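At position 7 of the sequence shown (counting the first as 1) the number is 62 in our numbering, and the numbers step up by one without a gap.
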Amino acid sequence: MYNVAVVGATGMVGRTFIKVLEERNFPIKNLLLFASKKSEGTNLEFKGKPYKVKELREDSFDSGIDIALFSAGAAVSKKFAPIAAAKRCTVIDNSSYWRMDESVPLIVPEVNPQDTDWHHGIIANPNCSTIQMVVPLKPLHDHYGIKRIVVSTYQAVSGAGKNGVDDLKRTACGEQPKQFPYPIYNNCLPHIDDFLDNGYTKEEMKMVNETRKIFHDEDIKVTATTVRVPVENCHSESINVEFEKEFDLKDVRILLSEASGVVLRDDPGNNIYPLATAASGHDEVYVGRLRRDDTVNSGINMFVVADNVRKGAATNAVEIAELLIRRI
Numbered sequence: 056m057y058n059v060a061v062v063g064a065t066g067m068v069g070r071t072f073i074k075v076l077e078e079r080n081f082p083i084k085n086l087l088l089f090a091s092k093k094s095e096g097t098n099l100e101f102k103g104k105p106y107k108v109k110e111l112r113e114d115s116f117d118s119g120i121d122i123a124l125f126s127a128g129a130a131v132s133k134k135f136a137p138i139a140a141a142k143r144c145t146v147i148d149n150s151s152y153w154r155m156d157e158s159v160p161l162i163v164p165e166v167n168p169q170d171t172d173w174h175h176g177i178i179a180n181p182n183c184s185t186i187q188m189v190v191p192l193k194p195l196h197d198h199y200g201i202k203r204i205v206v207s208t209y210q211a212v213s214g215a216g217k218n219g220v221d222d223l224k225r226t227a228c229g230e231q232p233k234q235f236p237y238p239i240y241n242n243c244l245p246h247i248d249d250f251l252d253n254g255y256t257k258e259e260m261k262m263v264n265e266t267r268k269i270f271h272d273e274d275i276k277v278t279a280t281t282v283r284v285p286v287e288n289c290h291s292e293s294i295n296v297e298f299e300k301e302f303d304l305k306d307v308r309i310l311l312s313e314a315s316g317v318v319l320r321d322d323p324g325n326n327i328y329p330l331a332t333a334a335s336g337h338d339e340v341y342v343g344r345l346r347r348d349d350t351v352n353s354g355i356n357m358f359v360v361a362d363n364v365r366k367g368a369a370t371n372a373v374e375i376a377e378l379l380i381r382r383i
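The following block contains the structure:
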């Protein structure tokens with residue numbers, strides 16, 4: 056049994072951490088919930104019992120916490136993750152702060168579980184859009200070698216947290232947006248995170264850099280366009296892949312149908328393909344619309360959907376924690 060802390064417990068991902076820990080019956084001895092001072096005293100339920108949220112402080116990890124799940128933003132992770140790690144607590148961080156640090160593993164359990172072996176107290180949870188892309192691509196990369204990825208995302212407003220969901224509801228009523236630069240209702244915004252000097256957004260470059268790090272392959276060419284769409288939950292992605300080797304589409308379907316964490320929904324003749332409404336509330340990555348790209352020697356197109364709050368954040372982090380306790 057383990058002492059587990061959730062940092063950012065009152066946020067959308069934090070609350071889902073708690074839900075997933077309960078669903079998966081994680082072996083918890085003591086559960087501690089932390090958030091900002093304004094959330095102190097809030098009661099959250101775990102296994103039918105109320106737990107009081109405490110303010111996150113520098114001495115919060117003095118009580119012998121084994122694993123801490125962080126989802127409180129980069130600034131909090133920057134300050135408090137090293138403090139927790141110094142107290143022999145393993146931090147699994149959902150912010151962007153540690154992801155590209157060379158000393159910190161970036162882990163998707165279905166893809167690179169072996170990287171838990173070299174952590175130094177902090178493990179990074181990848182970006183939600185990256186997680187759902189690399190899960191189905193892992194077995195294909197192992198068999199055919201990925202040369203190039205072109206991905207376009209259709210990302211739900213829940214990716215921006217409660218404020219994003221509120222903006223969808225707000226602008227659907229004709230009110231002005233507060234989270235996004237334009238109304239998201241009845242609209243698509245090709246703008247997630249800040250724009251960089253190269254014309255890409257930070258979200259797009261996260262997908263580029265994180266994919267290479269997770270696969271331990273700097274030669275993979277990745278280009279991304281990320282778009283916010285008026286969907287409350289679940290990100291969708293159109294992914295075009297060029298392989299190093301030739302492939303048979305039947306073999307690809309077999310690989311994906313047998314892949315851990317993947318649900319193959321690929322029967323377009325009967326209108327069976329991945330949908331946000333089907334993936335919501337689930338932990339698997341849904342894959343379909345498989346077809347050859349005949350414009351290159353060995354290319355394939357696919358459509359991928361996953362619950363961005365669960366597999367794209369909370370569930371992936373809890374699965375990392377499960378990896379840790381299995382490998383102790």
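Glycine is no exception: its CB is placed at the ideal position from the N, C-alpha and C atoms. Predicted, not measured: the structure shown is a model, and the values here were computed from it.
Simplified DSSP assignment, three categories, for residue i
i	result
L251	coil
P137	helix
S291	strand
R320	coil
M357	strand
R347	strand
I177	strand
Y240	coil
L161	strand
E95	coil
V296	strand
E265	helix
T65	coil
E258	helix
G367	helix
V166	coil
F270	helix
N156	Residue 156 is actually Asp in this sequence, not Asn. Note: D156 maps to coil in three-state DSSP.
G216	coil
P194	helix
D362	coil
Beta-bridge pairing of residue i - partner residues as DSSP gives them
i	result
Q210	R283
A60	L87 and A123
V277	I204
K224	K224 is not bridged to any residue.
F81	BP columns for F81 are empty, so no partner.
E377	The partner list for E377 (beta bridge, DSSP) is empty, contrary to what the question assumes.
P105	E100
V340	V317
T145	I122
I327	D322
E110	A90
Supposed close pair residue i, residue j - CB separation, criterion 8 Å
i	j	result
H290	Q187	6 Å
S335	N288	5 Å
P164	I380	That pair is no contact at about 12 Å.
T281	E313	Rounded, the Cβ-Cβ distance is 29 Å, inconsistent with contact.
P82	Y106	The pair is not a contact, with the Cβ atoms about 17 Å apart (cut-off 8 Å).
A129	A139	With 8 Å as the limit, A129 and A139 do not qualify as a contact, their Cβ atoms being about 15 Å apart.
A211	A372	With a Cβ gap of about 19 Å, A211 and A372 do not count as contacting.
S184	M262	6 Å
Close beta carbons around residue i, own chain, < 6 Å, minus the five adjacent residues each side
i	result
P329	R320, Y341, G343, F358 and V360
G69	V61, G63 and S126
R203	K276 and E297
N356	N295, R346 and D348
D121	Y57 and N58
D252	none
Cβ neighbours of residue i in the same chain (closer than 7 Å, five flanking residues each side left out)
i	result
S132	F125, D148, S150, Y152 and W153
N67	In the sequence as displayed, the identity of residue 67 is Met instead of Asn. Closer than 7 Å at the Cβ level, and outside the excluded window around M67, lie S213, G216, K217 and V364.
P181	R154, L161, V163, E265 and I269
V158	First, the residue type needs correcting, since residue 158 is Ser and not Val in the sequence shown. Taken in chain order, the residues that qualify are H175.
Y240	L223, T226, A227 and P285
Closer than 7 Å: residue i CB and nearest the ligand GDP heavy atom
i	result
T171	Summarising the ligand content, the structure contains no ligands, and the ligand GDP is consequently not present.
Please determine if the region 220–237 and the region 305–312 are in contact, where contact requires at least 3 C-beta pairs separated by less than 8 Å. With the cut-off at 8 Å, the region 220–237 and the region 305–312 do not touch.
Touch test, the region 189–205 against the region 291–306, Cβ-Cβ under 8 Å, three pairs minimum: Output reads yes: the region 291–306 touches the region 189–205.
Assess contact between the region 97–112 and the region 64–84, defined as three or more Cβ pairs (one per stretch) separated by less than 8 Å. Is contact present? Touching, per the Cβ criterion.
Contact the region 177–185 vs the region 346–355: 3+ CB pairs below 8 Å: The region 177–185 vs the region 346–355: no contact.
Is the region 359–374 touching the region 108–116, taking contact as three or more C-beta pairs under 8 Å? Here the region 359–374 does not lie against the region 108–116, with fewer than 3 beta-carbon pairs under 8 Å apart.
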